[in-house]
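Working notes for the structure below.
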Amino acid sequence: MAQEAQKEMSMIIQKEMVSDLFNELARAKETGKKVCYTFIPGNLSELIRTFDMLPVYPEINALQSAMRKKSGGYIKEAEKHAHSEDVCTYVKCDVGMMLKGNIGPTGEKIPEPDVLLLSYTGCFTFMKWFETLKREYPNAKVIMVHTPYQENSEITPEMTQYMVKQFKEVVIPKLEEVTGIKYDEAKLKRHLTLSAEAEDWITRIFDTTKHRPSPIDAYFAGVYYIGPINIGFRGTQEAVDYYKELYKEIMERVAKGLGPITPEGEMKEEKFRLVVEGPPNWTNFREFWKIFYDMGAVIVASSYTKVGGVYDNGWRHDPERPLEALAEYCMNCYTNMNIPQRIDLLSKCIKDYQADGYLTNSIKSCNSFSAGQLAMMREIEDRLEVPVGFIESDLVDPRYFSYSNIKNRLESYFQMLDQRRVIGADIKEVEA
Amino acid sequence: MKSLEQIVNECKELAFDLHFTRAKEWKAEQEGRVVVGYMPIYFPREIIHAANGLAVGIMGGGDRKQIIKGDAYYQSYICHIPRSILELVLDGHTEHFDGYIFPSICDVIRNLSGIFKQQKIGKFVKYMDFPQNFLPEIGGVFYQQEMEHVLRYIKEINGVEVTPERLNHSIGLYNRNRQMIEFIYDIRQDFPWRLSIEDVYHIIRAGMVIPVEEHNALLEQVCAHIAKPIGVPQDKIKIVVSGAFCEQPAVGLIRAIEQAGCYVVDDDYMLGSRMIEGDIDTTTDRPLEAISTAYINQSRYSSCIYDVSNPKEFRLAKIVKDRGADGVIFASASFCDPSLLDAPIFQNAFNKMGIRYIAFQYSENINQFKVIKEQVGTFSDSIKLWEDEPVVTINA
Ligand code: SF4
Ligand code: SF4
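Protein sequence lines, in the order shown, are assigned to chains A and B. Per this note's numbering, the first sequence starts with residue 1, numbered consecutively. Per this note's numbering, the second sequence starts with residue 1001, numbered consecutively.
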């Protein structure tokens, strides 16, 4: 009973944070706060807060629309307006929502942007998306920050300098102009200190999957855990408090030897531990998750929870180098890493969290994730001799979620994992 | 001087020599030469030339290379060109290439660079991040650093130190190349029957796989031929093709558009060769800066360049007007996000501006275009029949 109440505590905190944000957005006109549309990968949360702006994340609106079964209609609306069937459905869902009046997840109209802040990290579609938005919101100020790609598996001083110069000479002056607020570096540093603290906590949280059974599902529950740090609360005390509370709850589960909580209660037996590459499907999120927990599969690490920042290797926002820290943060997001880096990172996850398998959920929408996934899968299979699985779906387009296909594929995959386990056990017995 | 037919036939051979034979021969002719393959769209070939190298455009295998290995790398919903590039490379077509350059045009090409790196293909693999900040002191400097990075790779191979003199000389050759290509388009604007768009395509594409000096020699002759009143005009409308900048349509499709009643008076098929409008300064002692400034100030519109300060719909509309075109054909490679995401922007704007258009998708390996031909034919007829009527827009 006590455990149930504690579990709910972090959820309650998160729910309140999100609804406060949406309420603030609804009142933005009255309060005079400026509204900044931006994207999750490479989001400059601390800078947005330094200028007292309110963030809107079009991807979050899209995925929330999908979870509320509204995305299909929005996508069709966009397709009526010359959008192709074959492009990223986040964009179409957002455009469709806009065409239908821009009503957000809380049922309130989302205010129009004062600023379109594009930190263009790890995905070209973001750029096209903002070109589209700019035409819809001609009065919004557009601020483009080009994040160089880690093409050579590194962040060079030139890359950092390029970004810092953009911050100093383009981004900050434009934000000052729009908000009428003078850039306050001390304030930014305070936010960055809190960011680093939240990053420490979230790293510890995702590290708890080293336990057996894993106390959390790092994908299906992980997408909720990354909410606060990704949607504008990074750099606040609220986020630190949320993650502390969440960590406490999880460690209580560890102490009791409990597995992850699913929508249908606690997962009883942990049979398979997986690392998953690729975003989840949002239109049938619950059904999708159920296939896994029904079969005793828990996700011990996922690439998707790293799109808004990779903290695994110890990188943190450094308040002593504020603009450099923002630059490095942007360049360090998962989809801004090159294919060899992605392979190394996921291989490390497989080893560190003792995964039994590596599964790719290939998303039709997303070239940034999907192009190269098959090569990654083969390399990981060769390198670690880990059984690999492959399924296909989409983010927010319900037409591309085939329950039976996915279920069949996963069933065969889990059977294979089971057989490998039996063979492995036999070999050990013979060797003994 | 060779006849126009001879030149066109030569270019046809060169353009689709998927073994890149001329580059191989060129490299073998002299010690210290390097061959660098680059993917679409644009790459400043001048810098490779100045480093005693040949930059060779790898535009995919089109409908001439059967895909066996490449398909194993890509899901069905990803465009075709990365498969055919991989197929060519894995089949050894480019084994004489020293390195590979991947310009930053989209996530597919970007991640393909990672596959090349992972598989250690070539002596170097460089994803070239073109700036999306267009201030010379910020984006311009970054771009120069990117070019210097490429030059370091080449120096490691052949030890050539690029001097401003060498670079200015190379820039001059490419300036001449661009001038002559523009001359061809300018002539065709008024006399499109003098050289078909299919021939233009072959002539320009040939320039991506041979030394610029040789291409310039061919272009000089082509220009001389088409400056004369040759060919017979036909009753066709004039159109601009837009969106086909990376994965290339099969030549049959390029031909079919003209056969269906359209003169193509501008296009972005070989955008890389025409990316820079006008000359690049050859008189400075900082030629990399000159290249970078030209990229920032003189680039054509493209789906890969953030365009908010210079909206692409107005730039395309200006091309349509300047060329005296009757309409636009938007041709996008299937699953090509940059091109397909631009389509609504163009089409919504053109609806308001009253510019006629049709849109279709293609794939490099598909050479059946009956439906497209019919669609283009109807478009052409509608424009011819209703010349004096208010605008009709057809959206495929
Ligand atoms: S392509 Fe992928 S990363 Fe880019 S906006 Fe769409 S879902 Fe996000
Ligand atoms: S065809 Fe389009 S999506 Fe494919 S590689 Fe080229 S630009 Fe990228």
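For each residue, glycine too, the CB sits at the ideal point set by N, CA and C. Every value quoted in this text rests on a predicted model; they were computed, and no experiment measured them.
Proximity to residue i [Cα-Cα], best of the options
{"i": "residue 1250 of chain B", "options": "B/1354, B/1060, B/1185", "result": "B/1060"}
{"i": "residue 474 of chain A", "options": "A/389, A/365, A/384", "result": "Because chain A spans 1 through 432 in this model, residue 474 of chain A falls outside it and cannot be assessed."}
{"i": "residue 307 of chain A", "options": "A/16, A/41, A/9", "result": "A/41"}
{"i": "residue 242 of chain A", "options": "A/253, A/310, A/75, A/224", "result": "A/224"}
{"i": "residue 283 of chain A", "options": "A/90, A/86, A/358", "result": "A/90"}
{"i": "residue 367 of chain A", "options": "A/346, A/394, A/347, A/43", "result": "A/394"}
{"i": "residue 1077 of chain B", "options": "A/23, A/207, A/364, A/143", "result": "A/364"}
{"i": "residue 438 of chain A", "options": "A/277, A/92, A/281, A/291", "result": "Nothing can be reported for residue 438 of chain A: it is not among the residues displayed for chain A, which extend from 1 to 432."}
{"i": "residue 1110 of chain B", "options": "B/1098, B/1099, B/1128, B/1123", "result": "B/1128"}
{"i": "residue 387 of chain A", "options": "A/337, A/359, A/402", "result": "A/359"}
{"i": "residue 1325 of chain B", "options": "B/1366, B/1380, B/1229", "result": "B/1380"}
{"i": "residue 1051 of chain B", "options": "B/1260, B/1238, B/1156", "result": "B/1156"}
{"i": "residue 1017 of chain B", "options": "B/1036, B/1065, B/1192", "result": "B/1065"}
{"i": "residue 1322 of chain B", "options": "B/1371, B/1239, B/1284", "result": "B/1239"}
{"i": "residue 1133 of chain B", "options": "A/120, A/139, A/385", "result": "A/120"}
{"i": "residue 325 of chain A", "options": "A/43, A/25, A/56", "result": "A/43"}
{"i": "residue 1361 of chain B", "options": "B/1336, B/1352, B/1384", "result": "B/1336"}
{"i": "residue 107 of chain A", "options": "A/336, A/122, A/97, A/344", "result": "A/97"}
{"i": "residue 154 of chain A", "options": "A/410, A/141, A/340, A/361", "result": "A/340"}
{"i": "residue 183 of chain A", "options": "A/47, A/81, A/244, A/305", "result": "A/47"}
{"i": "residue 240 of chain A", "options": "A/219, A/275, A/220, A/203", "result": "A/203"}
{"i": "residue 39 of chain A", "options": "A/126, A/14, A/102", "result": "A/126"}
{"i": "residue 71 of chain A", "options": "A/349, A/411, A/399", "result": "A/399"}
{"i": "residue 77 of chain A", "options": "A/86, A/68, A/95", "result": "A/95"}
{"i": "residue 1101 of chain B", "options": "B/1183, B/1149, B/1117, B/1038", "result": "B/1038"}
{"i": "residue 1014 of chain B", "options": "B/1042, B/1049, B/1056", "result": "B/1056"}
{"i": "residue 1022 of chain B", "options": "B/1252, B/1265, B/1208", "result": "B/1208"}
{"i": "residue 1036 of chain B", "options": "B/1135, B/1125, B/1004", "result": "B/1125"}
{"i": "residue 1221 of chain B", "options": "B/1147, B/1363, B/1177", "result": "B/1177"}
Chain-order list of residues whose beta-carbon lies under 7 Å from that of residue i (same chain, five-residue window excluded)
{"i": "residue 273 of chain A", "result": "214, 298, 300, 353, 354, 355, 356"}
{"i": "residue 1234 of chain B", "result": "1193"}
{"i": "residue 1151 of chain B", "result": "1047, 1051, 1162"}
{"i": "residue 246 of chain A", "result": "10, 205, 225"}
{"i": "residue 1277 of chain B", "result": "1298, 1300"}
{"i": "residue 383 of chain A", "result": "347"}
Sequence-distant residues of its chain with Cβ nearer than 6 Å to residue i (five each side left out)
{"i": "residue 1292 of chain B", "result": "1140, 1143, 1144"}
{"i": "residue 4 of chain A", "result": "Low confidence applies to residue 4 of chain A: its pLDDT is 44, below 50, so where it sits in the model is not reliable, and the reading given next is rough at best. Here the set comprises nothing."}
{"i": "residue 112 of chain A", "result": "137"}
{"i": "residue 318 of chain A", "result": "325"}
Cutoff 7 Å: residue i Cβ touching any chain C Cβ
{"i": "residue 1063 of chain B", "result": "The structure shown has no chain C; the protein chains it does contain are A and B."}
Cβ-based neighbour list, residue i, same chain, cut-off 8 Å, excluding 5 preceding and 5 following
{"i": "residue 166 of chain A", "result": "145, 146"}
{"i": "residue 1010 of chain B", "result": "1002, 1206, 1218"}
{"i": "residue 270 of chain A", "result": "212, 213, 214, 259, 296, 298"}
{"i": "residue 431 of chain A", "result": "none"}
{"i": "residue 1305 of chain B", "result": "1130, 1132, 1299"}
{"i": "residue 25 of chain A", "result": "35, 54, 56, 104, 108, 110, 111"}
Practice task
Using a Cβ-Cβ cut-off of less than 8 Å, list which residues of the segment 1236-1248 of chain B approach chain A; keep chain order.
Solution key: Against chain A - using a Cβ distance shorter than 8 Å - the segment 1236-1248 of chain B contributes no residues.
Problem - alpha helix (DSSP H) runs wholly inside the segment 174-216 of chain A, at least 4 long, in chain order - result: 185-207
Practice task
Report the residue ranges of all alpha helix (DSSP H) runs contained in full by the segment 1027-1090 of chain B; include only those spanning at least 4 residues, in chain order.
Solution key: 1045-1050, 1081-1090
Problem - Interface residues of the segment 1272-1295 of chain B facing chain A [CB-CB below 7 Å] - result: Result list empty, no residue passes.
Problem - Residues, ordered as in the chain, of the segment 264-283 of chain A that lie near chain B by beta-carbon distance below 8 Å - result: none
Practice task
Would you list, in sequence order, the uninterrupted beta strand (DSSP E) runs of no fewer than 3 residues that lie entirely inside the segment 332-395 of chain A?
Solution key: 357-363, 388-393
Problem - Interface positions of the segment 356-387 of chain A facing chain B (Cβ-Cβ less than 7 Å), listed along the chain - result: Listed by position along the chain: 362, 364, 367, 368, 370, 371, 372, 374, 375, 379.
Handout entry: Continuous beta strand (DSSP E) assignments of at least 3 residues falling wholly in the segment 1265-1352 of chain B
Key = 1327-1333
Practice task
Residues of the segment 121-140 of chain A with a CB closer than 7 Å to any CB of chain B: list them in chain order, please.
Solution key: 123, 124, 125, 127, 128, 131, 132, 134, 135
Practice task
Would you list, in sequence order, the uninterrupted alpha helix (DSSP H) runs of no fewer than 4 residues that lie entirely inside the segment 97-162 of chain A?
Solution key: 124-136
Problem - Interface residues of the segment 1316-1344 of chain B facing chain A [CB-CB below 8 Å] - result: Of all residues in the segment 1316-1344 of chain B, those with a C-beta nearer than 8 Å to a C-beta of chain A are 1332, 1334, 1335, 1337, 1338, 1340, 1341, 1342, 1343, 1344, reading in chain order.
Handout entry: Residues of the segment 1069-1084 of chain B whose Cβ lies closer than 8 Å to any Cβ of chain A, in chain order
Key = Across the segment 1069-1084 of chain B, CB contacts with chain A closer than 8 Å involve 1072, 1073, 1074, 1075, 1077, 1078, 1082, in sequence order along the chain.
Practice task
Return the chain-ordered ranges of every alpha helix (DSSP H) run that is complete within the segment 1152-1225 of chain B and spans a minimum of 4 residues.
Solution key: Listed in chain order, they are 1164-1190, 1197-1206.
Exercise for the section: With 9 Å as the limit, tell me which residues of the segment 1099-1112 of chain B have their beta carbon closer than that to any beta carbon of chain A; keep them in chain order. Expected result: 1102, 1104, 1105, 1106, 1107, 1108, 1109, 1110, 1111, 1112
Handout entry: Entirely enclosed alpha helix (DSSP H) segments - the segment 218-270 of chain A, minimum 4 residues
Key = Runs of the alpha helix (DSSP H) inside the segment 218-270 of chain A: 222-225, 227-230, 237-256.
Problem - Residues within the segment 67-86 of chain A neighbouring chain B, beta-carbon criterion of under 7 Å - result: 81, 82, 83, 84, 86
Handout entry: Ordered list of alpha helix (DSSP H) runs contained in the segment 27-75 of chain A, each at least 4 residues
Key = Runs of the alpha helix (DSSP H) inside the segment 27-75 of chain A: 28-31, 45-50, 58-67.
Practice task
Taking only beta carbons into account, state which residues of the segment 140-154 of chain A come closer than 7 Å to chain B, listed in chain order.
Solution key: 142, 144, 146, 148, 149, 151
Practice task
Output, in sequence order along the chain, the residues in the segment 1368-1384 of chain B whose CB is closer than 7 Å to any CB in chain A.
Solution key: none
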